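What follows is a short report on a single structure.
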Amino acid sequence: MLLFHRLRQLAFATSHGHDRQWTMASWAVPPCIEPFSFRGKLYLVCNLVCATQLLQIDPPPLEDDETGELGSRQPPLPRSIATCPGDVLSYPIYLVECDSEILVVGHADRSFAHKKLVYKLADLVLGRFIPVTSVGDHALFIDERAFYVSSKALPTVMADSIVYRKLESLEFAQYHLGSGTWSQAVDERGLKGYDPGPRSLIHHIITCLLRSVWNKGQFYSVKEQMKRGWLNWRVKKKFRHGA
């Protein structure tokens, strides 16, 4: 399945049905932030008035219920699997895989500047709001994309932490889950674009979080971000809307 969340369209195809082209779903995808794919299913985070809803899209069934024959059928409509009240977890909320499990990351309140919270999606589905107190030796990187790395493989990253672009300053910082403290995520001069020298590995990882940056072969920097038209495509702009 391919989800074009800005166009609110879903395309699907199956190998069992010998599909030779993608088929568009007959229903519109609900407005959401970046979709999350995990083990053949798609997950959506939708903002409600006083809560956040988590939706799941299952793949299309392989067999026709009536004939039992293999073939492509429409995927089922998105179904709600959990709802997070605003006083439990504040929007924006992100989904990230860590050790083969989906974690839900958000803010403790609407100030966005203080405590960050992490829950297991499996717990939220059961209606249990029990924060995760540690992600072990891992660090979560979160923005347009989200993934985790091992601090053992990348010793310059603090274990049990979240690297995240703070909403009030739009600068990347590192939040330690155990102590609840913020620190600098990467060399300030490199991230702000003042040093033209070699980039650090963390700088590469942060750039990979931002699809609109890496798909143009750029490196993220605060300095470049302030330039008008920095991330505009140079050719075929009309075919690359939203990219």
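The opening position of the sequence shown corresponds to residue 98 in this note's numbering, with each subsequent residue numbered one higher. Glycine included, each C-beta is placed from N, C-alpha and C at the ideal position. All figures in this text were calculated on a predicted structure; none of them were measured in a lab.
### Query
The alpha helix (DSSP H) with Cys-305 in it runs from where to where?
298-305
### Distance between Leu-214 and Pro-228 (C-alpha atoms, nearest Å)
Each residue's alpha carbon lies about 6 Å from the other.
### Task
Could you work out which residue in Ile-190, Ser-247, Tyr-216, Glu-265 is closest to Glu-198 when comparing CA atoms only?
Tyr-216
### Reduced DSSP secondary structure (H/G/I, E/B, other) of Trp-279
strand
#### Entry: Other residues of its chain near Leu-237: CB distance less than 6 Å, five sequence neighbours each side excluded
Val-193, Tyr-245, Ile-259
### Task
Please list, in chain order, all residues of the same chain as Asp-257 whose beta carbon is under 7 Å from its beta carbon, the five residues on each side excluded.
Ser-231, Val-232, Gly-233, His-273, Leu-274, Gly-275, listed in sequence order.
### Task
Return the first residue and the last residue of the alpha helix (DSSP H) that Leu-221 is part of.
Per DSSP, Leu-221 belongs to the alpha helix (DSSP H) from 218-222.
### Query
Measuring CA to CA, which of Leu-200, His-204, Pro-172 is closest to Val-222?
Taking Val-222 as reference, the option from Leu-200, His-204, Pro-172 with the minimal CA-CA separation is Leu-200.
### Query
Name the DSSP beta bridge partners of Ala-236, please?
Val-246, Ser-258
### Message
Suppose the cutoff is 8 Å on Cβ atoms and the five residues either side in sequence are ignored; what does the same chain contact list for Ala-219 look like?
### Response
If we look at Ala-219 and ignore the five residues flanking it on each side, its Cβ neighbours are Glu-198, Ile-199.
### Message
So the candidates are Lys-320, Pro-132, Arg-105; which of them puts its Cα closest to the Cα of Ser-123?
### Response
Arg-105
### Task
Starting from Val-185, follow the alpha helix (DSSP H) in both directions and report where the run begins and ends.
Membership of Val-185 in any alpha helix (DSSP H) is not indicated, and neither H nor E is assigned to it by DSSP.
### Message
Can you give me the C-alpha to C-alpha distance between Leu-167 and Leu-159, rounded to a whole angstrom?
### Response
Because the pLDDT at Leu-167 is just 48, under 50, the model does not fix this residue reliably, and the point stays unresolved.
### Task
Starting from Ser-309, follow the alpha helix (DSSP H) in both directions and report where the run begins and ends.
308-311
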